[in-house]
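Shown next, in structure tokens, is the structure this report addresses.
There are 2 protein chains.
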Amino acid sequence: CPQCFLRSARARRLLFEDLDVNIVVKDIALADGKKISVTWPDGHASEYEVEWLKKRCFSEEARAEMRGDLFLPERQYWGSDLQLPKIPFEEIMYNDESAYKWLCTLKKVGIVLLTGAATRQGELVKLGHRIGFLRLTFYGPTWQVQDKADANNVAYTTGKLCFHTDYPVLQHPPGVQFLHCIKQTDAGGESEVVDGFHVCNRLKEQSPQAYQILSSTAVDYTDVGVDYCDFAVQCKQRIIDVDSRGQAVRINYNNATRDTIFDIPAEKVRPFYGALKEFVDLLNSAEHKFTYKLKPGDIVTFDNWRVLHGRQSYQSGSEVTRHLEGAYADWDVVMSRLRLLRKRVLNRD
Amino acid sequence: CPQCFLRSARARRLLFEDLDVNIVVKDIALADGKKISVTWPDGHASEYEVEWLKKRCFSEEARAEMRGDLFLPERQYWGSDLQLPKIPFEEIMYNDESAYKWLCTLKKVGIVLLTGAATRQGELVKLGHRIGFLRLTFYGPTWQVQDKADANNVAYTTGKLCFHTDYPVLQHPPGVQFLHCIKQTDAGGESEVVDGFHVCNRLKEQSPQAYQILSSTAVDYTDVGVDYCDFAVQCKQRIIDVDSRGQAVRINYNNATRDTIFDIPAEKVRPFYGALKEFVDLLNSAEHKFTYKLKPGDIVTFDNWRVLHGRQSYQSGSEVTRHLEGAYADWDVVMSRLRLLRKRVLNRD
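As they're listed, the protein sequences go chains A and B.
The first sequence begins at 1 in UniProt numbering and counts up one residue at a time.
The second sequence begins at 1 in UniProt numbering and counts up one residue at a time.
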């Protein structure tokens, strides 16, 4: 009904307080076989495309189809057998079909390697424009992963980084992470990734108790320092966030920024550490983890809610021998771009 | 232990896989009455300040105190009797004590009016620098609320806006909202606010069933259009988000962007609308809502997770008679600034 809907904003303008929640249709008619006309008792009139209305049917089947269409929930799990999906950077930048394929794979598999980017800073800013915009954090719009004096983050050293997700100290950790390899060291510095959702399924089978503990215990995270500006961030997160059906939807785990404060009763501390150990052992098992080494010009793009990543140590020296530029994006922005590309590529709504 | 902790990053460097989760202390000693020295069976040694360790006691009292200190959970509820807290804009910009007071009140009451800002665009960018940085969304770093041709949002008309929170279509809606009045119309255009958490408490007493429905039903939101860039955003949110104890922690409600898609079984639709009607009626009751009118130079700052806001309609004309500039910030950024200001003002950690 045009009185109740603002077409230019595609939004409802009817005030909820003016809606009779017990309203029933007064009259209904099929116009030209493709439109349904509804007259309401208060004189308002609505016209619906038949197909539009059918898609909004309340049956379980119609709803599942719509859900699949809007959110692409399908997952392809992997372990050490991962065939790392690769697409040239240039292709996703200038070809909509490639960009669409990139984002679909990122959603389904959780990781895609873009190859052949320039070996200088700035490529991720371009990538940000391609999808919409990057997520700014206290570490800046993009950030430089390299060995730094007085490192304000353990990533900015040459040390080994065990499996973690980035930034669990934020209430809404970045959904997608980009790491662009500008310079790579000769020995060491290999990357490791593991499918956190796959490992969660394993943990749930192997040790329901551990899964229950990690998906219900609020863990304190902290991050205090100076970078883009000064910051003192604190947050409580469950290491495994689950949906209403108990399925893992986000991993929030970084042992480096886990606080020395731990707000749980004393008797729950040891069971928690036991559960976390089971999870970490599964993450590190040869069966689950995938190791590769970034080459200059590679950009690894991955689901930071699902894929935990780590790095092997390398030799420190007087010169910087390894340099990655990193950036974040929100899943809202990535999924929005995916839907718009799909519409253009498949020429459909 | 310096081997296990990177002081410059204030972060744990010990790899979790190297931790014996069943470790027990080998030896313990009190050094100079203020430090506790622990020797571990693997040869590592830790030294703790007594006060530091005491704060991390696992007793319920110590934990509650730490929680209060880190997250300031105290709330002051209000209704139509609200004494709108006011602080001059200049004061919070240049005086740390005033800025600290501003953010504490924003956290506790949910709304603070800053007065006497310049009546031109750009004041919110300054405010963003004061706290750290603003939250960028598809509507841009800041956005202009005024009557627009082909409005891409119902806010950009002269129509009445009923109570809503902004941007529930984002998975993590903006925590704090700033609205800077640059120009105000003579007749109409009054602002309305209501304490959503207070109303939630009322709803829970009055109609536990309605509260249960609104805090468990996932509602579809949608926003499709072009602004900062093109966008097609979709999200499921519960209208009342609750914590593990059932207390409301975030309201996600905007009837304008509620989708025509509604992914719930048919038999739950009418009970849902009934529950929402009860909630909306409470929001609109004279007892709960507070009405005021922004003056040019006013900046209203409020908790977008707690305070629902609305606007009375005003006369449209050929000229723009009312103009607000708006912006968002995340609670992570605001709370971080609050903690840093507190440290400076109270000269403590």
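Yeah, the Cβ is synthetic: ideal placement off N, Cα and C, and Gly gets one too.
Keep in mind the model is a prediction, meaning the values are calculated, not measured.
With H, G and I counted as helix, E and B as strand and the rest as coil, what does DSSP make of F302/B? To locate residue 302/B, count along the second sequence from 1; it is residue 302. Here F302/B sits in strand by DSSP.
8 Å Cβ cutoff met for L72/A and C104/A: Locating residue 72/A in the first sequence gives position 72, counting from the first residue. Locating residue 104/A in the first sequence gives position 104, counting from the first residue. A contact, by the Cβ cut-off of 8 Å.
Does the beta carbon of R344/A sit closer than 8 Å to a beta carbon anywhere in chain B? Within the first sequence, the letter at position 344 stands for residue 344/A. R344/A does not count as touching chain B.
What is the DSSP secondary structure of G128/B, reduced to helix, strand or coil? The sequence position of residue 128/B within the second sequence is 128, counting from 1. Helix.
Given 8 Å, three or more beta-carbon pairs between the stretch 116-127 of chain B and the stretch 86-98 of chain B: yes
Please tell me whether N152/B has its Cβ less than 8 Å away from any Cβ of chain A. Taking the second sequence and counting its residues from 1, the one referred to as residue 152/B is at position 152. Yes, contact with chain A.
Proximal chain B residues relative to E74/A, where beta-carbon distance stays under 8 Å: Taking the first residue of the first sequence as 1, we reach residue 74/A at position 74. Ordered by position in chain B, no residue passes the 8 Å Cβ test against E74/A, which lies about 16 Å from the chain.
Could you tell me which of M93/B, E205/B and D227/B sits nearest to Q247/B, measuring between CA atoms? Counting from one through the second sequence, the residue named residue 247/B turns up at place 247. For Q247/B, the nearest C-alpha among the options comes from E205/B.
If you measure between the beta carbons of A232/A and L340/B, is that distance less than 8 Å? The sequence position of residue 232/A within the first sequence is 232, counting from 1. The sequence position of residue 340/B within the second sequence is 340, counting from 1. Yes, the pair counts as a contact, with Cβ atoms nearer than the cut-off.
In chain B, which residues lie with their C-beta within 8 Å of the C-beta of T165/A? The count along the first sequence starts at 1 and reaches residue 165/A at position 165. Residues of chain B passing the Cβ test: none, with the nearest at roughly 13 Å.
Taking Cβ to Cβ, would you say G175/B is nearer than 8 Å to W331/B? The sequence position of residue 175/B within the second sequence is 175, counting from 1. The sequence position of residue 331/B within the second sequence is 331, counting from 1. Closer than 8 Å, so yes.
Whole alpha helix (DSSP H) elements within the stretch 86-121 of chain A, 4-residue minimum: 89-94 and 96-108
Return the chain-ordered ranges of every alpha helix (DSSP H) run that is complete within the stretch 143-225 of chain B and spans a minimum of 4 residues. 196-206 and 208-214
For a quick check, are the C-beta atoms of E287/A and G110/A less than 8 Å apart? Here residue 287/A refers to the residue found at position 287 of the first sequence. Here residue 110/A refers to the residue found at position 110 of the first sequence. No, the Cβ-Cβ distance between E287/A and G110/A is not below 8 Å.
For G132/A, count the other beta carbons within 10 Å of its own beta carbon; 16 or more makes it buried, fewer makes it exposed. Which is it? Start at 1 with the first residue of the first sequence, and residue 132/A comes out as number 132. G132/A should be labelled buried.
Give, in chain order, every residue of the stretch 38-65 of chain A whose Cβ lies closer than 7 Å to some Cβ of chain B. R56, F58 and R63
Under three-state DSSP, which class holds S46/A? Residue numbering aside, residue 46/A sits at position 46 when the first sequence is read from its first letter. The answer is strand: DSSP assigns S46/A an E or B state.
Our contact map puts T39/A next to D27/A with C-beta atoms below 8 Å; I'd like the distance itself, whole angstroms only. As a first step, residue 39/A must be located in the first sequence, where it is residue number 39. As a first step, residue 27/A must be located in the first sequence, where it is residue number 27. Indeed they touch by this definition, with Cβ atoms about 4 Å apart.
Contact criterion: CB-CB distance below 8 Å. Does D332/A meet it with respect to chain B? Here residue 332/A is taken as the residue at index 332 of the first sequence, counted from 1. So yes, D332/A belongs to the interface.
Which of the three DSSP states, helix, strand or coil, is assigned to E61/A? Position 61 of the first sequence, counted from the start, is the residue given in the question as residue 61/A. E61/A falls in the helix class under three-state DSSP.
For R270/A, does the three-state DSSP call read helix, strand or coil? On the first sequence, residue 270/A is found 270 positions in, with the first residue counted as 1. The answer is helix: DSSP assigns R270/A an H, G or I state.
Using a Cβ distance threshold of 8 Å, determine whether the stretch 177-184 of chain A contacts the stretch 217-233 of chain A, with at least three qualifying pairs required. no
Using C-beta distances below 6 Å, list every residue in its chain close to Y211/A, excluding the 5 sequence neighbours before and after it, in chain order. Walking along the first sequence from the start, residue 211/A turns up at place 211. These residues qualify, in order along the chain: L203 and K204.
What does DSSP give as the partner residue(s) for S316/B in the beta ladder? Position 316 of the second sequence holds residue 316/B. Its beta-bridge partners do not exist; DSSP assigns none.
Does the stretch 265-274 of chain A come within contact of the stretch 153-169 of chain A, defined as at least 3 CB pairs closer than 8 Å? no
If you measure from the beta carbon of Q209/B to each beta carbon in chain A, is any gap under 8 Å? Along the second sequence, read from residue 1 onward, the residue named residue 209/B stands at position 209. Q209/B does not count as touching chain A.
Interface flag, R339/A vs chain B, CB-CB below 8 Å: Taking the first sequence and counting its residues from 1, the one referred to as residue 339/A is at position 339. Yes, because at least one Cβ of chain B sits closer than 8 Å to the Cβ of R339/A.
Grouping DSSP H, G and I as helix and E and B as strand, with all else coil, what is A9/A? Here residue 9/A refers to the residue found at position 9 when the first sequence is read from its first residue. A9/A: helix per DSSP, three-state reduction.
What does the alpha-carbon distance come out to for the pair G122/B and Q83/A? For the purposes of this step, residue 122/B is taken as the residue at position 122 of the second sequence. For the purposes of this step, residue 83/A is taken as the residue at position 83 of the first sequence. Those two C-alpha atoms are separated by around 49 Å.
Proximal residues, the stretch 170-201 of chain B versus chain A, C-beta separation under 7 Å: L170, Q171 and H172
Residues of chain B with CB under 7 Å from I261/A, in chain order? Residue mapping note: residue 261/A aligns to position 261 of the first sequence, counting from 1. Here the neighbours are R56 and M66.
Applying the 10 Å Cβ sphere with the 16-neighbour rule, what's the burial state of T291/A? Position 291 of the first sequence holds residue 291/A. Exposed, because fewer than 16 other Cβ atoms sit within 10 Å of the Cβ of T291/A.
Just the chain A side, please: which residues come within less than 8 Å of T257/B by C-beta, in chain order? For the purposes of this step, residue 257/B is taken as residue 257 along the second sequence, with counting starting at 1. Within 8 Å Cβ-Cβ: A11 and R12.
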